[in-house]
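Residues in the sequence shown are numbered consecutively from 5, following my numbering.
Ideal placement from N, C-alpha and C gives every residue a C-beta, glycine not left out.
In this text, all values refer to a predicted model and were calculated from it rather than measured experimentally.
Notes follow once the structure below has been shown.
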Amino acid sequence: MNMLDAIRTDPRRRNLAILALVAVIAIALAALGIHHQSAVMGTKTEAETVFPKLPGQIRKVARIHIVSKAHGELNIVFDPEEGWVLPQHSDYPASFETLRATVVGLAALQTIEPATALPQWYGRISVDAPPKGSGTLIELLDDKGAILASLILGRSTDIGDPSGATGLYIRKPGDRQSWLARSVFEPKNDAADWMEKDILAIDQARIQSVDVAPVTGPAFTAQRNSPGELDFALTPMPAGREQAYPGAANAIATAITGFTFDDARPVSDFDFSAAPRIVTHTFDGLEITVKVVTEGPAFWATVYAEGDPGKPDAAREARAIDAHADGWAYKLPDDKGKLFMTTLDSLLKPAAAKK
């Protein structure tokens, strides 16, 4: 099998071959940016690519190893069956966008000027080695474990780059000399930033109603008749009660919008059999069910979608959502988790005292 056939049949090589081309372009743009800065500032900066061989090796990358004081050790690994995954998080799918930014960003790094070579000063620019130091170590490895690139990344600083690139202090492990480099990416050392977050994106204008079965109190619905109506109405309304204020139900009605999460685990780790449930219905035929449970102070949710069989676009969207969400429980931000636990009584004015 020649290299071209290998790239066609191996998804890792195919995707990374594209990144290799992007990296070459990024390096050229970086050199242009540094040349522009030198002309403006009247300096004679000789840009040097930090990893000159990396663009030709990108398609070999099979693992990304990250160490930081804040988040410990993290690995992102290519699985031939599943693609890029996070082994320490039950092989949850990795964000290819974050992977792209990191790999291309490392390949495009170019030095601007030397920084300190004194170890006692490393901490000031965060290039002291983790886990004791405040720097972030990022390593790219091939499928045999050979290191293709290894770098400690530190504090960022503004360099007045017209294209928006930033300055980043860096140091190769084992080297005394640190450098200020031109960077087109922001290093990520938190697993949450490496997780594929493209689960669902529902615009508020699409939402017609939500059916809520809370953990305590009666079930209720928040609904509106058209996208042009700003406020959702509660039903059924308990006798003698009324909404706390116009639009009191809007937050729970649109809780599904802006869906994001901080962690993911297999759904089998939790018991959702008696979990409160929020079912969101859209005007265009999509139905999304979210169930939420608590584990200590944390909120964990499952997501399931169905589409009206008579509306192909909704059915297609539901299949795409389920393809991402099936089998996973998502750790919600605290404010979103509390929102999904809304009860009917919390949306109403206090009951009048009995005479």
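Nearest C-alpha to L157 among I151, G171 and A66: G171. Here the alpha carbon of A268 sits roughly 30 angstroms from the alpha carbon of A111.
Around P250, the same chain offers D235 as residues with beta carbons nearer than 6 angstroms, after the five sequence neighbours per side are excluded. The region 159 to 174 makes no contact with the region 288 to 307, as fewer than three CB pairs between them are under 8 angstroms. Distance from the CA of G300 to the CA of G314, rounded to the nearest whole angstrom, comes to 42 angstroms. Short of 7 angstroms from the beta carbon of D273, and not among the five residues preceding or following it, lie these beta carbons of its own chain, in chain order: A333.
One Cα belongs to T140, the other to H75, and the distance between them is close to 10 angstroms. Non-local C-beta neighbours of D132 in its own chain, meaning closer than 7 angstroms and more than five positions away in sequence, comprise Y126, S138 and G139, ordered along the chain. The straight-line gap separating the alpha-carbon atoms of V65 and L113 is approximately 17 angstroms. With distances taken between CA atoms, A195 lies nearest to V81 out of V81, G311 and S187. The beta carbons of I256 and V216 sit about 6 angstroms from each other, so the pair counts as a contact at 8 angstroms. Buried is the label assigned to I129, since at least 16 other Cβ atoms lie within 10 Å of its Cβ.
Contact check for P177 against P218 fails: the beta carbons are separated by 8 angstroms or more. Assignment of S138 by DSSP, reduced to helix, strand and coil, places it in the coil class.
For R320, the enclosing alpha helix (DSSP H) covers residues P316 to A329.
Residues of the same chain with a CB within less than 8 angstroms of the CB of D95, apart from the 5 flanking positions on each side, are D83, E86 and V89 in chain order. For I256, there is no enclosing beta strand (DSSP E); the enclosing alpha helix (DSSP H) has its first and last residue at N254 to A257. Boundaries of the beta strand (DSSP E) around Q212: I211 to A217. When the beta-carbon positions are compared, T106 and A51 stay at least 8 angstroms from each other.
The DSSP-derived three-state label of P166 is coil. Straight through space, the alpha carbons of S160 and K136 are spaced by roughly 19 angstroms. Within 10 angstroms of the beta-carbon of R180 lie fewer than 16 other beta-carbons, which makes it exposed. In the three-state scheme derived from DSSP, where H, G and I count as helix and E and B as strand, D267 is classed as strand.
Partner residues in the beta bridge of A305, as assigned by DSSP, are V296 and Y334. Counting only unbroken stretches of 3 or more residues, the beta strand (DSSP E) elements lying wholly within the region 215 to 248 are 224 to 227 and 237 to 239, in sequence order. Residue pairing by DSSP leaves S272 without any beta bridge partner. Short of 6 angstroms from the beta carbon of A253, and not among the five residues preceding or following it, lie these beta carbons of its own chain, in chain order: A226, F236, L238 and L351. Taking a 10 Å sphere around the C-beta of Q212, we find 16 or more other C-beta atoms and assign the residue as buried. Assignment of T115 by DSSP, reduced to helix, strand and coil, places it in the strand class.
Closest in C-alpha terms to A121, from the list I174, D147, T102 and V214, comes I174.
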